[in-house]
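K.L.:
One structure follows; several queries about it will come next.
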């Protein structure tokens, strides 16, 4: 599908036609990775989510954000606890 490159401020942008938006599942403001695979050819992919590791989450625990035990109510089945 042909489209055009246009100027937007100091950048160039490619408008993605609605038919391609629907088939890719992209949405406005979605994070994407853009790669030049060879001269004259770009590949646009949905960006992988940048999720923190378990170690990063644990290192983020402080006295200020540490919460107490949560009461989940009485046992209702064959729970081991």
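Numbering (my numbering), first residue to last: -6 to 74.
C-beta atoms are modelled at their ideal positions from N, C-alpha and C, and glycine is treated no differently.
Here the structure is a predicted model, which means the values were calculated and not measured.
1) List in chain order: all unbroken beta strand (DSSP E) runs of 3+ residues lying wholly within the region 0 to 24.
2) What residues in its chain sit with their C-beta under 8 angstroms from that of residue 4, if we drop five residues either side in the sequence?
3) Put residue 54 into one of helix, strand or coil per three-state DSSP.
4) From the DSSP secondary-structure annotation, give me the bridge partner or partners of residue 38.
5) Do you know how far the Cα of residue 20 is from the Cα of residue 14?
P.N.:
From the atom records:
1) List check, beta strand (DSSP E) in window: 4 to 7.
2) Nothing listed; no residue qualifies.
3) coil
4) 26
5) 7 angstroms
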